[in-house]
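First up is the structure itself, then whatever we jot down about it.
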Amino acid sequence: MSKPTLATVSLGGCEGCHVALLDAHEGLLDILGMADLVHSPFNGTETIPDRVDVVMVEGAVTTEEDLRRLRACRAAAGTLVAIGSCAVLGGIGGLRNLSPLSQVTHVAFGDTTKSPLLPRLLPNVHAVTDYVAVDISVAGCAPETELVVAALVAAITGQPHELPRRNLCDECHRTKNTLLMHSREFVSDAVYALMELDHIDEDSCLLEQGLMCMGPMTREGCGAKCTAMNVPCRGCSGPSRLDFESGGKAVDALAAILPAGALMYLEDLIGTGYRFTMPVSVFPAIVDTEESDNG
Amino acid sequence: MADTITLPAVKRIEGHGRVSLFLDDRDRVSGAHFDVIEFRGFEKMLEGRMVWEAPLITSRVCGVCPVSHHLAAVRAVDALYGVTIPPAAALLRELLHLGGFAQDHALHFFFLAGPDFLTGDGTGSRDLLGVIAAQPELARRAIALRRAGQRIVEMVGGRTSHPVAAIPGGMSKAITAEQRIELTGLVESMRETASIAADTSREATLRLLDRYPEFSAEPVPYVAQTRGHEFALLDGEITVLNPDGTITERFAAADYESHIGERVLDGSYANSPYLRSLGPDAGSYRVGPLARINIVERMPGERSQALRDDFRATLGRPVHAVLAYHWARMIELVAAVERMSAILADDEVISPDVRVPVQRGVAGVGTAAIEAPRGTLIHSYEADEVGRIVKANLIVATTHNVASLDRAVLDAVAGTAREEALSDDSVLMMELGIRAHDPCLSCATHEIGRMPLVVELIGADGSVIAEKGVAQHG
Ligand code: SF4
Ligand code: SF4
Ligand code: SF4
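Top to bottom, those sequences are chains A and B.
Taking the numbering used here, the leading residue of the first sequence gets 20, the next gets one more, and so forth.
Taking the numbering used here, the leading residue of the second sequence gets 1316, the next gets one more, and so forth.
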């Protein structure tokens, strides 16, 4: 019996998700034992075959070329696996939706007109789910290697796939003294940048120390690696249910635990609350009023 | 666009680029460009963000060397606030950098470029799987080396992809004595493989140079950051080596704009930097392993010093052959291991004193450069009093090498007729030249993604007459 086929494709991302797969190290050989890699950045074939049992796609849709390739992936794939926050949520590159494309290109290239032979940039960055149905999605920037591997193994073997459901606070080692109490007291009297703290307490909740931590509005699964390093979570795994707005949830949570002035103190609510989720948020994306040349 | 034909393509580069070949009116290749065909717009995205978040945002420019962006950004913010970090933090940042550096160099040598010279007679599949099949023992070692490098990044930086621990003022967390022991073990485990890789790359390079002695060896300037004459990846001054081997400029990263200009290209989403002193044409230069090994005099340890001396004695100085990048890269792998070993031998590395608090409140510009695996990486941020970024500029390694990539491609096919330009041999040469640079297109800020390289043939009238590599579903 021939093995199932596997393809991995990178759209508009940083390839960190592919590196996460590569970081399975010897485990990668196990996956290659289970499926034939027919197309990938690591391997020799150029085109996605017409039929592939499992296609893993990384990255957001940023150009017409990305869109064309994504559609080819969907058409070919028995099971389409979206890996990483770029693919699932639009990801960090989605912050470009805060400005019209003409301004984004202007900062990089001035007024130079680009050759029509270059793939056209889309006015906004999109999650792959904006265009095609996805069978399995694993957010994270990048997702933990084990999560990537588990998703691929499930897809290859046809087993059901489940992601962790709780919030990051549940797997964070820090003691929450007041955070989870039904108290009307504010837990901190101000909001700080991490670098401003005189002392970082290694054991107590970072929110309670006055730092903006996205743990309460983020899906667990990463092992709370950042908070273990004394760094507040930035929400790279996205919200725990996809119909839930991470930024809106942040405002909600913070209103209860930080002083009234705190929200105003969050100088960059969008860049914090929606860092990885702009393209799937309720925030409108900003486009040029006139359909302009792509710069 | 008239008859477009599609043929197999170039693989195994980080990211996603395209080659355009221009024909003259006698239908011979007279010009070539290595085009970067995607763009993410980080510089604009950073506007409005808080400047201390830049180390967490810009790591996402490149998943292959996120450590470099994380550290370049944090050093730029330190510079903005005029902070001096504690010695232990400096050691930890360097360790983090070198761990990432080692895994990245190993990835390129063994699995991206390796298929060009590790798969024996070339009958096996010329990809990662081919290396594993042809050289199982070497592949196993390479995987172990990468794993050790990534584990170092994770322990010191908090995560392998997009680390988080470097913060303005130092590091968010110290390492413990136990971690130091584990880290030392990891570094020692890399030593032998690094050494084997250096020997293998020496042989492979000499074989390639023997076969293609003239290939892309035109004299050009080289740029790298050094500490005096020392190999230093994290801090120092930007040094310029003229094509004739004399050092002509040394400047602080903060002055980069008066020394480096950026030319915007219409056929590519990457800009092409050049030395202002030499002008846009003569001033295009190379960065990366070959630049560093050409420039520095003192390597971090005995073995890397001996390797560098051998490199110079064998090939001269400066070495201009683009294929020599491979050898230089593996000398650096050995150097990284030696330096990590020295850092871990220093008791300061476990000092709990790893940060100074940093207060916002001043507006200004912060700029820093570091040596990423592919070459000099410059981050520059202007922020207001609250700390909000008002302007950001990033010049990444692959961008500096854009002109050199053009030259390598042109050298592979200059003067050939159209069929010959698209022959397997020509494409192989273009690939060899491109891959020698280890171009990381996802890291070139102005672009992303990954796709086989597309070769386009453009006629004297400007129309595309043939295309190699763009595939139906590619
Ligand atoms: S999700 Fe993150 S790691 Fe993955 S491609 Fe996007 S930016 Fe890179
Ligand atoms: S530090 Fe962050 S993740 Fe941990 S408990 Fe507090 S809010 Fe939750
Ligand atoms: S702690 Fe938050 S930001 Fe860090 S890896 Fe986990 S989800 Fe991502």
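Glycine residues also receive a C-beta, built at the ideal position from the N, C-alpha and C atoms.
Note that the coordinates shown come from a computational prediction; the quantities given were computed from them, not determined experimentally.
- Task: Check the DSSP bridge columns for S156 (chain A) and list the partner residues they point to.
- Result: Numbered from its first residue, the first sequence carries residue 156 (chain A) at position 137. Answer is A:A101, bridged to S156 (chain A).
- Message: Give me, in chain order, the residues of the same chain whose beta-carbon lies closer than 7 angstroms to that of I1566 (chain B); leave out the 5 immediate sequence neighbours on both sides.
- Response: Translated into the one-based positions of the second sequence, residue 1566 (chain B) becomes position 251. Going by the sequence as given, residue 1566 (chain B) is Phe instead of Ile. Within the same chain, F1566 (chain B) has close Cβ partners E1552, I1553 and H1574.
- Message: Considering Cα atoms alone, identify which of B:A1519, B:R1462, B:E1469 and B:H1385 is closest to M1645 (chain B).
- Response: Within the second sequence, residue 1645 (chain B) is the residue found at index 330, counting from 1. Ranking B:A1519, B:R1462, B:E1469 and B:H1385 by Cα distance to M1645 (chain B) puts B:A1519 first.
- Taking the alpha helix (DSSP H) that E1697 (chain B) falls in, what are its first and last residues? Here residue 1697 (chain B) refers to the residue found at position 382 when the second sequence is read from its first residue. Premise fails: E1697 (chain B) lies in the beta strand (DSSP E), G1690 to A1698, not in any alpha helix (DSSP H).
- G234 (chain A) at chain B interface by Cβ criterion, 8 angstroms: Looking up residue 234 (chain A) in the first sequence gives position 215. Chain B, which has no Cβ nearer than 8 angstroms to the Cβ of G234 (chain A), makes this no.
- 6 angstroms CB neighbourhood of E1612 (chain B) in its chain, flanking five on each side removed: To locate residue 1612 (chain B), count along the second sequence from 1; it is residue 297. Cβ within range, chain order: H1544.
- Message: By alpha-carbon positions, which one of B:Y1584, B:L1725, B:L1422 and B:E1697 ends up nearest to V1379 (chain B)?
- Response: Numbered from 1 along the second sequence, position 64 holds the residue referred to as residue 1379 (chain B). The shortest Cα separation from V1379 (chain B) among B:Y1584, B:L1725, B:L1422 and B:E1697 belongs to B:L1422.
- Item | Start-to-end residues for the alpha helix (DSSP H) that takes in M1744 (chain B) | The sequence position of residue 1744 (chain B) within the second sequence is 429, counting from 1. First-last of the alpha helix (DSSP H) with M1744 (chain B): D1739 to A1751.
- Item | N1609 (chain B): first and last residue of the uninterrupted beta strand (DSSP E) it sits in | Position 294 of the second sequence, counting from 1, holds the residue named residue 1609 (chain B). No beta strand (DSSP E) contains N1609 (chain B), which is instead part of the alpha helix (DSSP H) from P1604 to I1610.
- Query: Span of the beta strand (DSSP E) holding Y293 (chain A)?
  - Reply: As a position in the first sequence, residue 293 (chain A) is number 274, starting the count at 1. Premise fails: Y293 (chain A) is in no beta strand (DSSP E) and is neither H nor E.
- Item | Chain-ordered neighbours of W1367 (chain B) on chain A, where CB pairs are closer than 8 angstroms | Locating residue 1367 (chain B) in the second sequence gives position 52, where the first residue counts as 1. Within 8 angstroms Cβ-Cβ: A212, L213 and M214.
- Item | Residues of its chain near D85 (chain A), where Cβ-Cβ distance is below 6 angstroms and the 5 sequence neighbours each way are ignored | Here residue 85 (chain A) refers to the residue found at position 66 of the first sequence. So the list reads L30 and G31, once near-sequence residues are dropped.
- Output yes or no for whether 8 angstroms exceeds the beta carbon distance between A101 (chain A) and S156 (chain A). Taking the first residue of the first sequence as 1, we reach residue 101 (chain A) at position 82. Taking the first residue of the first sequence as 1, we reach residue 156 (chain A) at position 137. Judged by beta-carbon spacing, S156 (chain A) lies within the 8 angstroms limit of A101 (chain A), meaning their Cβ atoms are closer than that value.
- Query: So, Y1589 (chain B) versus I1693 (chain B), is the Cβ gap smaller than 8 angstroms?
  - Reply: Locating residue 1589 (chain B) in the second sequence gives position 274, where the first residue counts as 1. Locating residue 1693 (chain B) in the second sequence gives position 378, where the first residue counts as 1. Going by C-beta atoms, Y1589 (chain B) is not nearer than 8 angstroms to I1693 (chain B).
- Who are I305 (chain A)'s beta bridge partners in DSSP? Your numbering for residue 305 (chain A) matches position 286 in the first sequence. Answer is none; I305 (chain A) lacks a bridge partner.
- Using a threshold of 8 angstroms, state whether the C-beta atoms of D1581 (chain B) and T124 (chain A) are closer than that. Indexing the second sequence from 1 puts residue 1581 (chain B) at position 266. Indexing the first sequence from 1 puts residue 124 (chain A) at position 105. In this structure, T124 (chain A) does not lie closer than 8 angstroms to D1581 (chain B) by Cβ.
- Task: Quick one: using the 10 Å Cβ neighbour count with 16 as the cut-off for buried, is N196 (chain A) buried or exposed?
- Result: As a first step, residue 196 (chain A) must be located in the first sequence, where it is residue number 177. Answer is exposed; the Cβ neighbour count stays below 16.
- Query: Between which two residues does the alpha helix (DSSP H) containing P1451 (chain B) stretch?
  - Reply: The count along the second sequence starts at 1 and reaches residue 1451 (chain B) at position 136. Where P1451 (chain B) is concerned, the enclosing alpha helix (DSSP H) stretches over P1451 to G1472.
- Query: With burial defined as no fewer than 16 other Cβ atoms inside 10 Å of the residue's Cβ, what is the status of K1488 (chain B): buried or exposed?
  - Reply: Here residue 1488 (chain B) refers to the residue found at position 173 when the second sequence is read from its first residue. K1488 (chain B) is classed as buried because its beta carbon has at least 16 other beta carbons within 10 Å across all chains shown.
- Message: Using a Cβ distance threshold of 8 angstroms, determine whether the region 1389 to 1406 of chain B contacts the region 1666 to 1673 of chain B, with at least three qualifying pairs required.
- Response: yes
- Query: Between S256 (chain A) and ligand 3, is the CB less than 7 angstroms from at least one heavy atom?
  - Reply: Position 237 of the first sequence, counted from the first residue, corresponds to residue 256 (chain A). Yes.
- Query: If you drop the 5 nearest sequence neighbours on each side, which residues of the same chain put their C-beta closer than 6 angstroms to that of G35 (chain A)?
  - Reply: Position 16 of the first sequence, counting from 1, holds the residue named residue 35 (chain A). Counting only Cβ-Cβ distances below 6 angstroms, and skipping sequence neighbours, we find A161.
- Under three-state DSSP, which class holds V1728 (chain B)? Numbered from 1 along the second sequence, position 413 holds the residue referred to as residue 1728 (chain B). V1728 (chain B): helix per DSSP, three-state reduction.
- Helix or strand or just coil, what does DSSP make of L141 (chain A)? The count along the first sequence starts at 1 and reaches residue 141 (chain A) at position 122. It is a strand residue.
- Listed in chain order, which residues of the region 155 to 186 of chain A have Cβ atoms closer than 7 angstroms to some Cβ of chain B? C160 and A161
- If the cut is a Cβ gap below 8 angstroms, which residues of chain A does I1482 (chain B) touch? Along the second sequence, one-based indexing puts residue 1482 (chain B) at 167. The answer, in chain order, is L213, M214 and V250.
- In chain B, which residues lie with their C-beta within 9 angstroms of the C-beta of D217 (chain A)? Position 198 of the first sequence, counting from 1, holds the residue named residue 217 (chain A). Near D217 (chain A) (Cβ distances below 9 angstroms), the residues of chain B are P1672.
- Query: Got a sec: does ligand 1 put a non-hydrogen atom nearer than 7 angstroms to the Cβ of R1355 (chain B)?
  - Reply: For the purposes of this step, residue 1355 (chain B) is taken as residue 40 along the second sequence, with counting starting at 1. For R1355 (chain B), the CB stays at least 7 angstroms from every heavy atom of ligand 1.
- Taking Cβ-Cβ distances shorter than 7 angstroms, what residues in chain B pair up with I111 (chain A)? Here residue 111 (chain A) refers to the residue found at position 92 of the first sequence. Per Cβ cutoff of 7 angstroms: I1372 and R1375.
- Between the CA atoms of R294 (chain A) and E239 (chain A) - distance to the nearest angstrom: By 1-based counting over the first sequence, the position of residue 239 (chain A) is 220. By 1-based counting over the first sequence, the position of residue 294 (chain A) is 275. Approximately 17 angstroms between the Cα atoms of the pair.
- Any Cβ of chain B within less than 8 angstroms of the Cβ of F302 (chain A)? The residue you call residue 302 (chain A) lines up with position 283 of the first sequence. No, F302 (chain A) lies away from the interface with chain B (no Cβ there is under 8 angstroms from its Cβ).
- Message: By the DSSP assignment, the beta strand (DSSP E) with Q1494 (chain B) in it spans what residues?
- Response: Within the second sequence, the letter at position 179 stands for residue 1494 (chain B). From DSSP, Q1494 (chain B) is part of no beta strand (DSSP E) but of the alpha helix (DSSP H) over A1492 to R1526.
- Message: Considering only DSSP beta bridges, list what T27 (chain A) is partnered with.
- Response: As a working note, residue 27 (chain A) is residue 8 in the first sequence. DSSP, once it has assigned bridges, lists A:M75 as partnering T27 (chain A).
- Message: Using a Cβ-Cβ distance cut-off of 8 angstroms, determine whether N149 (chain A) contacts chain B.
- Response: Your numbering for residue 149 (chain A) matches position 130 in the first sequence. In the sequence on display, residue 149 (chain A) carries Asp and not Asn. No, D149 (chain A) does not count as interfacial toward chain B.
- Message: I'd like the list of long-range same chain contacts for A304 (chain A), defined as Cβ closer than 6 angstroms, with 5 residues on each side in sequence excluded.
- Response: Counting from one through the first sequence, the residue named residue 304 (chain A) turns up at place 285. Excluding residues within five positions, the ones whose Cβ falls inside 6 angstroms are N116 and N143.
- Message: Is G103 (chain A) close to ligand 1? I mean its beta-carbon at under 7 angstroms from any heavy atom of the ligand.
- Response: Translated into positions along the first sequence, residue 103 (chain A) becomes position 84. Yes, the beta carbon of G103 (chain A) sits closer than 7 angstroms to at least one heavy atom of ligand 1.
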